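One structure below.
Residue numbers (this note's numbering), protein chains in the order written: chain A, 127 to 364; chain B, 60 to 324; chain C, 455 to 674.
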């Protein structure tokens, strides 16, 4: 392999700053999108598991629509297509006056996309609580809301923590797709370093290490939450 | 305990006194632990050719682990096992050849759910013993006839009762022409009305002269078929005795207590 | 905006179809290669060879921690350098996808193998089968039935992920749509059409996965 390694690039100005800005942007986009995804996804998941008829059709449609179109295309749709379809004034505002439109769009697109995945996990978690629990809750006189709040959701939460951990990890990775609409997150910054210095592998290595560190930290944190909230007994260990 | 071989549907020689002298299984100083928890402590046992040994003891006494160590599907930390004069290698891969010569019957049958009864019985014959398909099927059908399940060869395990599944599991092991058979609580996952049909097959095997090591709570089977009884408790072999003596006057206090509890039911 | 112009899409259909062909071909090769690699990795991870199993775990966790776009960049620049000559984006991307999918498929396969009751391993072992025989004859056939829906679901995700080759300008369906959108200045039409095509194909895949999964539940 014929490549002149120069790790010094990573600590030179402005490349070090670029990396730092990239990390900050990746964290900001991911965490903001996660707040949307967790809130909206949990809501849709709960409604979907309890509803029937039109409401269930609506939640199901949301889930299917957002899961069956590539995230990259969803970003393009929000960024290029939606402003064209809105009334002229709103479209112009989105294009001209919204500060950092690419960042806001990326957060919204990533948040709505991930919400559909969170909804699926929450609905599956509720469904996996044994039927007897719902009957027992009703038998002891709880209302539907009480049954969910006091009996079903606390159990579903514990079931849902591991898959949600993996969704949380995925959102950091998926935030890289925001580079296609011009968000300078971590991957975009490393690509920029590659094209300025031709020392791409150093930059890619740095990004890889950062992503792995994020993954390790999230996994560790979630393992602690899982352990703290697990129900004692042989079945809780899974 | 000797039972006349008259009327035995298995055309084999009954045990004779010469065979009693020949050693089939030798276990020396077997020890095993899961982490810090010892499950087997210095267990030794010899089983003669044609002998039937029943292992009993309270739950958690290590008897199930012990029988699984005999053919090496549970690894041991210390000790030596020899089958038919051949040492069981500590490397699992090398042990496969010897394992093929020892039949094993499990508590939960462990028939392969994706295969028919006939395919279940033929699989290891074809892939381990390298028998031809015809040869394997002929062997399988002969054995199925003997246990009265010839009409079930095309069925899948899930379509059969527990008792039928366990009889087929026994046939699957016998099809390998084993020199000895190990049973790990073969009737404890069965509904009570099905226990009899499985014990009947095992009793016939014992009369035929098969070397058998049987972990079971069925004391009736032990009285009828076992030459010796091994009593285990807390990972140790506490007592080994001739069947009649074990039931009449167990030597250890722990065995006495165990018997009084189990026979009281 | 000035009406939805379908004629632009019709005119560009041959070009778009070629792009879709690349997307589907990339999906197929990455799926087959990823499954084969994933099977090997899963078997190694479950084997007794501690060192190899640890290496396989590092491989899987490494690839799963990193975005696919970054993996595509890595291989886009790395493959020509390793081979000492330019090979074109397509080959670099193919290798990237196979190695990336291998990590994900290995997790599906490993979970499938582990879901088979330990007694089945023991029964296979007890009859004298080797580790590989036990996997091939007893464990894998049972695991495959459980894994089939997840494999199809992963295939749908993979098909969507092929759109990311946009970043190295390979003309897949997504990139082709984007090229037409920009050259004809018909952004709304092209992106909406692309979304409809992706939605239809992915829904078909998701439906297949659901059917496989409910078939399996009915069979038990």
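Every residue, glycine too, gets a C-beta built ideally from N, C-alpha and C. Note that this is a predicted model, so its numbers are computed, not measured.
Of all residues in the stretch 547-565 of chain C, none has a C-beta nearer than 7 Å to a C-beta of chain A.
When secondary structure is reduced to three states using DSSP, residue 357 of chain A falls in the coil class, being assigned neither helix nor strand. When the Cα atoms are used, residue 591 of chain C and residue 578 of chain C turn out to be separated by approximately 9 Å. Counting along the chain, the unbroken beta strand (DSSP E) around residue 111 of chain B starts and ends at 111-115.
Collapsing the DSSP output to three states places residue 91 of chain B in a strand.
Under the Cβ criterion (8 Å, minimum of three pairs), the stretch 493-507 of chain C does not count as touching the stretch 644-655 of chain C.
The alpha-carbon separation between residue 154 of chain A and residue 230 of chain A amounts to approximately 11 Å. When Cβ-Cβ separations below 8 Å define contact, residue 166 of chain A makes no contact with chain C. Sorting C:483, C:551, C:480, C:482 by C-alpha distance to the C-alpha of residue 523 of chain C places C:551 at the top.
Bounds of the beta strand (DSSP E) holding residue 142 of chain B are 137-142. Runs of the beta strand (DSSP E) lying entirely within the stretch 253-278 of chain B, each at least 3 residues long, are 270-274 in chain order.
When DSSP reads this structure, residue 146 of chain B sits in a beta bridge with B:141. Residue 250 of chain B is not a Cβ neighbour of residue 112 of chain B, given a cutoff of 8 Å. Taking 8 Å as the threshold, the shortest C-beta distance from residue 642 of chain C to chain A falls below it. For the C-beta of residue 149 of chain A, not a single chain C residue is nearer than 7 Å; the gap to the nearest is close to 13 Å.
When C-alpha distances from residue 188 of chain A are compared across A:163, A:211, A:198, A:206, the shortest belongs to A:163. Taking the Cα of residue 164 of chain B as reference, the smallest distance to any Cα among C:574, C:553, C:513, C:461 is reached at C:574.
C:492 is the residue among C:492, C:642, C:503 whose C-alpha sits nearest the C-alpha of residue 559 of chain C. Rounded to the nearest angstrom, the gap between the Cα atoms of residue 604 of chain C and residue 483 of chain C is 18 Å. Non-local beta-carbon contacts of residue 204 of chain A in its own chain, meaning distances under 7 Å to residues more than five positions away in sequence, involve 231, 234, 235 in chain order. Chain A places no beta carbon closer than 8 Å to that of residue 461 of chain C, leaving this residue out of the contacts. Sequence-distant Cβ neighbours of residue 121 of chain B in its own chain, meaning closer than 7 Å and more than five residues away, are 98, 99, 291, 294.
Taking a contact to require three or more Cβ pairs closer than 8 Å, the stretch 233-249 of chain B and the stretch 184-192 of chain B qualify as touching. Remark: C-beta atoms of residue 555 of chain C and residue 488 of chain C approach each other more closely than 8 Å.
Counting only the Cα atoms, residue 227 of chain A lies some 29 Å from residue 246 of chain A. Those residues of the stretch 341-357 of chain A placed with their C-beta closer than 8 Å to a C-beta in chain C are 341, 342, ordered along the chain. Here the stretch 87-95 of chain B makes no contact with the stretch 252-261 of chain B; the two share fewer than three CB pairs at distances below 8 Å.
Taking 8 Å as the cut-off, the Cβ atoms of residue 242 of chain B and residue 289 of chain B do not count as close. In this structure, residue 284 of chain A lies near residue 357 of chain A, with their beta-carbon atoms less than 8 Å apart. Counting the other Cβ atoms within 10 Å of the Cβ of residue 472 of chain C gives fewer than 16, which makes it exposed. Put simply, the backbone Cα of residue 95 of chain B is about 28 Å away from that of residue 155 of chain B. The beta-carbon separation of residue 606 of chain C and residue 666 of chain C, rounded to 6 Å, stays under the 8 Å limit for a contact. When beta bridges are read from the DSSP output, residue 648 of chain C appears opposite no residue. Taking a Cβ-Cβ cut-off of 7 Å, the neighbours of residue 163 of chain B in chain C comprise 580, given in sequence order.
Around the beta-carbon of residue 161 of chain A, fewer than 16 other beta-carbon atoms lie within 10 Å, marking it exposed.
Distances from the alpha-carbon of residue 623 of chain C to those of C:517, C:598, C:518, C:543 put C:543 closest.
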